[in-house]
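For the sequence shown, our numbering assigns the number 52 to the initial residue and increments by one for each residue that follows.
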Amino acid sequence: LSAGRLTLGVGVGYLESEFAAIGANFAERGAVTDEFLDAMNALWYDKHPEYHGRFVDFGGIDAHPRPTQQPIPIVIGGHSSSAYRRAVGRGHGWYGFALDHDQTRGCVEGLRAAAEEVERPHHLGALEITVTPRRKLTADSAAAYARLGVHRLVPVPPSDGDATSTIVAAAAAVNGL
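Take a look at the structure:
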């Protein structure tokens, strides 16, 4: 569907009220997420997908279309030690939202600590760190993020309607739309 341009972002969620609204167990969200990651991998890559877990159970099914990418890059979001361990052990990358330099430094230190606890599967390669900066991005602040170990920045466009329209038009022009 995306011709191999998919990156899957995964986070467990942090607002207990949202879990309560749908009757989901907030305390088990990490275990549920891990199991769904395993189940999705079975659906995407196993010839005869089957998964039998505590939260997900299936067999005798198939999923089409299969992903073009083998594997689909998975980026794990979150600012907790559990999220860092999940990123190191299961993700191709980690994503942090609305972080300044000091917060980013703390998250990178958390990822390094997680790497001491969790073995990183070789097939995942090096962990890519992506951050959406808290403040307006400048060349100097971008360089500071890079020195902290950030590989990619995803700035949030201004909420000003004219600026957003300009960005959308420029992106469309670049992509030939």
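Where a beta carbon is used, it is the ideal one built from N, C-alpha and C, also for glycine.
Beta-carbon gap between residue i and residue j smaller than 9 Å
i, j, result
"residue 86", "residue 105", "yes"
"residue 201", "residue 217", "no"
"residue 234", "residue 157", "Only positions 52 to 228 of the chain appear in the structure, and residue 234 is not among them; the question remains open."
"residue 144", "residue 125", "yes"
"residue 130", "residue 142", "no"
"residue 183", "residue 207", "yes"
"residue 81", "residue 133", "yes"
"residue 89", "residue 63", "no"
"residue 195", "residue 152", "yes"
"residue 84", "residue 137", "yes"
Three-state secondary structure assigned by DSSP to residue i
i, result
"residue 176", "coil"
"residue 189", "coil"
"residue 150", "strand"
"residue 108", "strand"
"residue 61", "strand"
"residue 161", "helix"
"residue 88", "helix"
"residue 119", "coil"
"residue 56", "coil"
"residue 205", "coil"
"residue 140", "helix"
"residue 219", "helix"
"residue 169", "coil"
"residue 227", "coil"
"residue 128", "strand"
Other residues of its chain near residue i: CB distance less than 7 Å, five sequence neighbours each side excluded
i, result
"residue 120", "55 and 57"
"residue 139", "162, 165, 166, 169, 171 and 178"
"residue 203", "179 and 181"
"residue 67", "77"
"residue 94", "100 and 114"
"residue 193", "204"
Integer-rounded CB distance, given that residue j should sit under 8 Å from residue i
i, j, result
"residue 198", "residue 150", "At roughly 14 Å, the Cβ-Cβ gap does not stay under 8 Å, so residue 198 and residue 150 are not in contact."
Own chain partners of residue i with C-beta closer than 8 Å, once the 5 adjacent residues on each side are dropped
i, result
"residue 174", "122"
"residue 176", "143"
Cβ-based neighbour list, residue i, same chain, cut-off 6 Å, excluding 5 preceding and 5 following
i, result
"residue 109", "102"
"residue 159", "199 and 200"
Cβ-heavy atom distance, residue i to the ligand FAD, below 8 Å
i, result
"residue 151", "Here there are no bound small molecules, and the ligand FAD is not part of this structure."
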